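Q:
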Amino acid sequence: MFISLRIPCDKLKTLKITHMKTSMRIKISVGIVLIFLIILFASIGSYLNNLSKKTSAILKENHISVVYARDMSNSLKNLNQEIVIAFLTDRYPDSLLIHNELKLFDKSLQLEENNITEIGEDMLVSGFAKDYCEFRDSLLNYLQSTKPANKILYL
1 MFISLRIPCD KLKTLKITHM KTSMRIKISV GIVLIFLIIL FASIGSYLNN LSKKTSAILK
61 ENHISVVYAR DMSNSLKNLN QEIVIAFLTD RYPDSLLIHN ELKLFDKSLQ LEENNITEIG
121 EDMLVSGFAK DYCEFRDSLL NYLQSTKPAN KILYL
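Just so it is clear: in the sequence shown, position 153 is 153 by the working numbering, and no numbers are missing.
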């Protein structure tokens, strides 16, 4: 059984025009959604790129802080070695070496004070600088004293 539908000609034209209008609306809607998605992905990519640059800068600054801390640690180690060796060999420490290490430490500490990157780092560095000043002053007093090293260290 085959059913034949007879649609009048003017109704068929109206149906085709309505179908074409609907098809155009869908194409325009899909195009607008695709443009929106492209803009969205481009803005996400730009944001991630900007975030990557900021992260890179933070890591670089933190690496610099680590380098300064390493330099200060090496200076303190060298100072400690000189004082201990002078004590063990019953001689006065090499004041030139001590002054050079103190200068290196001061330089690294100053650079670190100008490179604060984290919250609370400024308080940590200022506390460390205060303690270092006390250490440096006592060390310079020790170098200026005329007493033998072993008597000073036992006090």
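Just so it is clear, CB atoms sit at the ideal spot from N, CA and C, and this is done for glycine as well.
Nothing here was measured: the structure is a model prediction, and the numbers come from that model.
(1) Asparagine 62 to leucine 111, Cα distance in whole Å?
(2) Going by DSSP in three states, arginine 91 sits in which element: helix, strand or coil?
(3) Can you give the Cα-Cα distance for isoleucine 98 and leucine 109, rounded to whole angstroms?
(4) If you measure between the beta carbons of glutamate 113 and serine 75, is that distance less than 8 Å?
(5) Taking C-alpha atoms, which residue in Ile85, Leu96, Ser23 lies nearest to glutamine 144?
(6) Can you tell me whether serine 145 is helix, strand or coil according to DSSP?
(7) What's the call for phenylalanine 41, buried or exposed, on a 16-neighbour Cβ count within 10 Å?
(8) Is there contact between the segment 46-59 and the segment 83-97, where contact requires at least three CB pairs shorter than 8 Å?
(9) Can you look up threonine 117 in the DSSP assignment and give me helix, strand or coil?
A: This is what the structure gives:
(1) For this step, residue 62 is matched to residue 62 along the sequence shown. For this step, residue 111 is matched to residue 111 along the sequence shown. Approximately 13 Å between the Cα atoms of the pair.
(2) Translated into positions along the sequence shown, residue 91 becomes position 91. Of the three classes helix, strand and coil, the one that applies to arginine 91 here is coil, per DSSP.
(3) Position 98 of the sequence shown, counting from 1, holds the residue named residue 98. Position 109 of the sequence shown, counting from 1, holds the residue named residue 109. Rounded to whole angstroms, isoleucine 98 and leucine 109 show a C-alpha spacing of 16 Å.
(4) For the purposes of this step, residue 113 is taken as the residue at position 113 of the sequence shown. For the purposes of this step, residue 75 is taken as the residue at position 75 of the sequence shown. 8 Å or more divides the Cβ of glutamate 113 from the Cβ of serine 75.
(5) As a first step, residue 144 is located in the sequence shown; it is residue number 144 there, counting from the start. Of the listed residues, the one whose Cα sits closest to glutamine 144 is Leu96.
(6) Start at 1 with the first residue of the sequence shown, and residue 145 comes out as number 145. Reduced to three states, the DSSP call for serine 145 is coil.
(7) To locate residue 41, count along the sequence shown from 1; it is residue 41. Exposed, since its Cβ has fewer than 16 Cβ neighbours within 10 Å.
(8) The segment 46-59 vs the segment 83-97: no contact.
(9) As a first step, residue 117 must be located in the sequence shown, where it is residue number 117. Collapsing the DSSP output to three states places threonine 117 in coil.
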